Every structure is written in C-alpha cells, then in structure tokens.
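**Q**
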Ligand SMILES: O=C(CO)[C@@H](O)[C@H](O)[C@H](O)[C@H](O)COP(=O)(O)O
Ligand SMILES: [Zn+2]
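Residue numbers (the numbering used here): 23 to 219.
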C-alpha cells in the first residue's frame with residue numbers, strides 16, 4: 023500500500039470538494055450570516071447541534087462565538103447542545119436518542135433565535151427533530167448538509183437557509199462544513215463590529 027499516495031488522494035479530494043463548493047455556496051453562506059446577525063442584534067442567540075464530527079463542529083462554532091474568532095470583540099451568545107452528557111444521556115435513556123436535541127431546543131430556544139443544524143447526510147433523526155422543535159419555537163434554521171440534503175431539506179421553510187455541500191463523502195463534507203463555520207464567524211464579526219483591516 024502506498025500510504026503517501028493515499029494521503030495525497032485525501033488532500034486532492036478535499037481541495038477538489040472545496041473548489042466545487044466555492045462555486046455554489048457563497049450566496050447561501052452570506053444569507054446564513056445575515057440570519058445569525060439579525061438574531062444577535064435582536065438579543066437572540068444561536069443553538070447548534072449535530073452528531074459525531076458534526077457535534078465537534080457545533081462546539082467549534084459555539085466556542086468561537088462565546089470566546090472569539092480572529093478579532094478582539096465581546097462574547098456572543100451561542101450554545102452547542104452536544105456537550106451536557108447528563109442531559110443527553112437522561113433524555114436518550116428516558117425518551118429517545120432522537121429527542122436529545124429537540125427537548126433542549128424546546129427548553130432553551132426563543133422566538134428569533136437561530137438553530138445551526140449540522141448533518142452530512144441530512145437524515146440524523148435527532149437533528150431533524152431539533153429542526154421541528156426550532157420551528158415550533160418560532161426560530162429560524164441554518165442547515166449545514168451534504169449529499170442530497172436528506173429529509174432535513176424538505177423540512178426547511180422560506181425563512182431558513184440550507185448550505186448543502188456538493189459531495190457524498192462524509193469526511194469531505196465535514197471539511198467544507200468547518201470552512202463554512204469559519205466564514206460565518208468572520209461575516210458575523212464583519213457585520214457586527216465593522217470591516218476589519
Ligand atoms: O466524523 C465522522 C465521519 O468522518 C463520523 O463521526 C460521523 O460524524 C458520524 O458517522 C455521524 O453519525 C454522521 O451523522 P450525519 O452527519 O449523517 O448527521
Ligand atoms: Zn469526521
């Protein structure tokens with residue numbers, strides 16, 4: 023096995039996916055950033071959820087709002103619903119794993135908040151139910167998806183925004199999701215705190 027070539031194959035596939043995504047995603051990323059800025063300006067917050075690597079992305083996003091991205095600025099209200107193991111395990115144990123995020127959204131979400139729903143397949147049941155709960159709470163949804171958008175895509179309304187990575191590999195989709203998250207953080211700072219040098 024030629025591991026050097028295998029590594030290069032990963033790098034090249036990731037580069038190709040990002041190049042293709044750069045041709046289709048920027049307008050959706052801008053809209054999503056505007057949705058988030060509107061929530062923050064109106065004293066709202068952003069909740070984030072996903073599974074596996076997307077749980078990590080949820081926490082990556084919330085930490086960059088709560089702490090900072092690349093500039094000194096006040097903390098911004100964001101919360102990853104993926105971290106409280108007592109809450110997650112009790113809901114999964116007492117009800118269903120599909121409800122681990124939706125029950126938190128129903129408790130924490132307020133009208134005007136945004137849910138960042140992350141799923142490479144668009145078919146994770148707990149993320150789907152989180153979207154339904156967000157709509158019930160009069161929240162809007164930014165969906166980070168891939169493939170054909172899955173069942174999440176058909177749940178989204180005209181006030182929501184889907185950022186769908188044009189790829190099928192979970193790893194390649196996630197690599198673009200992280201770039202999208204950093205674009206969102208940058209655009210939020212630019213709109214809230216002025217153009218950077
Ligand atoms: O990170 C990876 C694969 O790269 C995995 O942990 C992946 O996140 C898990 O299989 C998730 O359960 C996939 O869920 P989803 O992205 O389809 O919603
Ligand atoms: Zn991964």
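Just so you know, even glycine gets a beta-carbon here, dropped at the ideal spot from N, CA and C. As the structure is a computational prediction, the values presented were derived from the model and not from experiment.
Could you tell me whether the Cβ atoms of residue 55 and residue 209 are closer together than 8 angstroms?
**A** Yes, these two residues count as a Cβ contact at 8 angstroms.
**Q** Run the proximity test for residue 193: is its beta-carbon closer than 7 angstroms to any non-hydrogen atom belonging to ligand 2?
**A** Yes, ligand 2 has a heavy atom inside 7 angstroms of this Cβ.
**Q** What is the residue span of the beta strand (DSSP E) that residue 184 lies within?
**A** Per DSSP, residue 184 belongs to the beta strand (DSSP E) from 183–187.
**Q** On the DSSP letters alone, give me the boundaries of the beta strand (DSSP E) that residue 163 sits inside.
**A** Counting along the chain, the beta strand (DSSP E) containing residue 163 begins and ends at 162–168.
**Q** Under 7 angstroms: does the beta carbon of residue 72 sit that close to some heavy atom of ligand 2?
**A** Every heavy atom of ligand 2 is 7 angstroms or more from the Cβ of residue 72, so no.
**Q** Ends of the beta strand (DSSP E) at residue 136?
**A** Segment 136–140, the beta strand (DSSP E) holding residue 136.
**Q** Output needed for residue 30: all residues of its chain with C-beta closer than 7 angstroms, excluding positions within five of it in sequence on either side, in chain order.
**A** Closer than 7 angstroms at Cβ, skipping near neighbours: no residue.
**Q** How far does the beta strand (DSSP E) with residue 69 in it extend, from its first residue to its last?
**A** That run of the beta strand (DSSP E) goes 68–71.
**Q** Three-state secondary structure (DSSP) at residue 152?
**A** Residue state, collapsed to three classes: helix.
**Q** How about residue 24 and residue 66: do their beta carbons lie closer than 8 angstroms?
**A** No, Cβ-Cβ distance for residue 24 and residue 66 is not below 8 angstroms.
**Q** Anyone know if the C-beta pair for residue 166 and residue 140 falls short of 8 angstroms?
**A** Cβ atoms of residue 166 and residue 140: closer than 8 angstroms.
**Q** Check whether the segment 190–208 and the segment 39–54 touch, using three or more Cβ-Cβ pairs below 8 angstroms as the test.
**A** With a cut-off of 8 angstroms, the segment 39–54 and the segment 190–208 count as touching, because enough Cβ pairs lie within range.
**Q** Look up residue 217 in the DSSP assignment and say whether it is helix, strand or coil.
**A** Note: residue 217 maps to coil in three-state DSSP.
**Q** I'd like to know whether the C-beta of residue 137 is nearer than 8 angstroms to at least one C-beta of chain C.
**A** Included in the structure is just one protein chain, with no chain C present.
**Q** Does DSSP put residue 177 in a helix, in a strand, or in coil?
**A** The answer is helix: DSSP assigns residue 177 an H, G or I state.
**Q** Ligand 2: which residues have Cβ under 5 angstroms from any of its heavy atoms, chain order?
**A** Qualifying residues come out as 75, 196.
**Q** Given the structure, does residue 141 come close to ligand 1, in the sense that its CB is under 7 angstroms from one of the ligand's heavy atoms?
**A** Indeed, a heavy atom of ligand 1 lies less than 7 angstroms from the Cβ.
**Q** Can the beta-carbon of residue 102 be found closer than 8 angstroms to that of residue 84?
**A** Yes; because the gap between Cβ atoms is below 8 angstroms, this pair is in contact.
**Q** Where in the segment 34–82 do unbroken runs of the alpha helix (DSSP H), each at least 4 residues long, occur, reported from the N-terminal end onward?
**A** Complete alpha helix (DSSP H) runs here, min 4: 48–63.
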